[in-house]
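Count along the sequence shown starting at 1, add 2, and that's the number in my numbering.
All remarks here apply to the structure that follows.
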Amino acid sequence: MRSTLILLRHAAPVIPAPVGPDDYTRPLTTQGHQQARNVIDELRTLTPHAIASSPYLRAIQTVQPLARSLDLLVRTDDELREWDSGLEPRPDYARHYALSWTMPRLARAGGESLDQLSRRAVGALLALAHQHHDDTVVVGSHGTFIARALVGLGLTQVDCAFRNAMPMPAIYRLDVTDHRVQTSGPGLTGP
3 MRSTLILLRH AAPVIPAPVG PDDYTRPLTT QGHQQARNVI DELRTLTPHA
53 IASSPYLRAI QTVQPLARSL DLLVRTDDEL REWDSGLEPR PDYARHYALS
103 WTMPRLARAG GESLDQLSRR AVGALLALAH QHHDDTVVVG SHGTFIARAL
153 VGLGLTQVDC AFRNAMPMPA IYRLDVTDHR VQTSGPGLTG P
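Okay, structure coming up:
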C-alpha cells in the first residue's frame, strides 16, 4: 500500500466568542475564503482523488473551492474534527491551552486529552490511507488535530509553539506505506 494524505489546516476563521457562533459553525472570514482559493493551484498539482474534511464549517469551506475545481465531493468525517478540549472561549484560553501541552494526559470534563486526540487523529488518518491506497487524499482539518497527529506519528519537534506558529492555511504531506509514514510541511525537519 502507498497513499498520500495532504493535511490542510483551515484558512482564517471568525474568532471564537462566548456569544457564538459555536465551534461547528464558525465560518471563514473574507480573507479566509481568499486563502482557500489561493491554495487551489498548489493542491491540484498533487492530483488528489478524494477530499475528506472535518465536519466543522471552517474546514469544509477551506476545501470546497478545491473540490469544485476538481469536481469532487467533500466527504466529512467526525474523526477529523478539532480537539474536544472541554475549554470554552474565555480570556485565559491560551494559558489553559498551553498547560494542556505540558500535561497531554489531562482531560477536562466533557473533553479529551491531547494524548487521546493523537490516537484519534492517527487512527483516522491511517484509516483514510488504507481506504484510498495508491491515491492522494486532501484532508481538511485543524491546527491542534494536525499537530497532535504529527506527535502521534513520532515527530518530537512538534509542540505548543509549533502549533501556535502554524499558518492558516498550512499544508502537510504524509506519504504512507505499509511500514512507514514520511512527513513534510512548514516547520518540519523529521522522519
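The C-beta atom is built at its ideal place from N, Cα and C for all residues, glycine as well.
Classify residue 126 as buried or exposed, calling it buried when 16 or more other Cβ atoms lie within 10 Å of its own Cβ.
Per the 10 Å Cβ criterion, buried.
So the alpha helix (DSSP H) residue 145 belongs to, where does it begin and stop?
145-154
As a quick exercise: from 12, 172, 179 and 17, pick the residue whose alpha carbon is nearest that of residue 92.
17
Mind checking who residue 4 pairs with in its DSSP beta bridge?
179
Three-state secondary structure (DSSP) of residue 41:
coil
Specify, as a first and last residue, the run of the alpha helix (DSSP H) that residue 110 falls within.
Residue 110 -> no alpha helix (DSSP H), and no H or E assigned at all.
Separation of residue 102 from residue 173, as counted between CA atoms
24 Å
When the Cα of residue 149 is compared with those of 124, 136 and 128, which residue comes out closest?
124
When the Cα of residue 4 is compared with those of 158, 129 and 190, which residue comes out closest?
129
Taking DSSP as the reference, what is the three-state secondary structure of residue 188?
coil
Neighbourhood of residue 31 by C-beta, 7 Å cutoff - its chain only, sequence neighbours within 5 removed
14, 15 and 16
Between residue 161 and residue 71, what straight-line distance do the alpha-carbon atoms span, to the nearest angstrom?
34 Å
For residue 54, count neighbouring Cβ atoms within 10 angstroms of its own Cβ and tell me buried if that reaches 16, exposed if not.
buried
Evaluate contact between the stretch 130-145 and the stretch 100-120, counting only Cβ atoms and requiring at least three cross-stretch pairs below 8 Å.
Taking 8 Å as the limit for Cβ pairs, the verdict is that the stretch 100-120 does not touch the stretch 130-145.
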